[in-house]
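Below is one structure; the comments refer to it alone.
Numbering (UniProt numbering), first residue to last: 1 to 157.
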């Protein structure tokens, strides 16, 4: 968890991998003695990372606490960013409330290590097999919470 305080107001921004941003906000409001409205929680998950089992050599995303293949809990984190290949994509026009765009592209990409992940696709004319750059950033802003995820953009050059 990362906490950043605004020096000019009681506002606090928290980056957390917690599955319950509401619980994080409530706990931190009580701990800091400030209003829940003054706390923004950015939910990051364990995005941008895969885990590699040192004992069995399996790669997983999202994070697994125990490897099914060998039962081990010994792992190393492997970054999932950079170049990937677009396997499939779609465009969604009927978005949930809160989105300020008429549509969003979504894609599934494969990294060089073989792992596949889904995320938002910011490509004007996507093509199957095209190379994209994967990054982790805010994919949806909410009231009090920002949600992070993968964003795929065209590979420059």
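Cβ coordinates follow ideal geometry from the N, Cα and C atoms, glycine included.
In angstroms with no decimal places, state the Cα-to-Cα distance between residue 87 and residue 60.
A straight line joining the alpha-carbon of residue 87 with that of residue 60 spans about 18 Å.
Pair within 7 Å by beta-carbon distance, residue 152 and residue 117
no
How should residue 112 be labelled, buried or exposed, when 16 other C-beta atoms within 10 angstroms of its C-beta is the threshold for buried?
exposed
Please classify residue 95 as buried or exposed, where buried requires at least 16 neighbouring CB atoms within 10 angstroms.
Classification of residue 95: exposed, given that the 10 Å Cβ count is below 16.
According to DSSP, what are the bridge partners of residue 13?
4 and 40
Which stretch, first to last residue, makes up the beta strand (DSSP E) that contains residue 57?
Element bounds for residue 57: n/a, residue is neither H nor E.
Where the beta strand (DSSP E) through residue 104 begins and ends:
Following the DSSP letters along the chain, one finds residue 104 inside the beta strand (DSSP E) bounded by residues 104-111.
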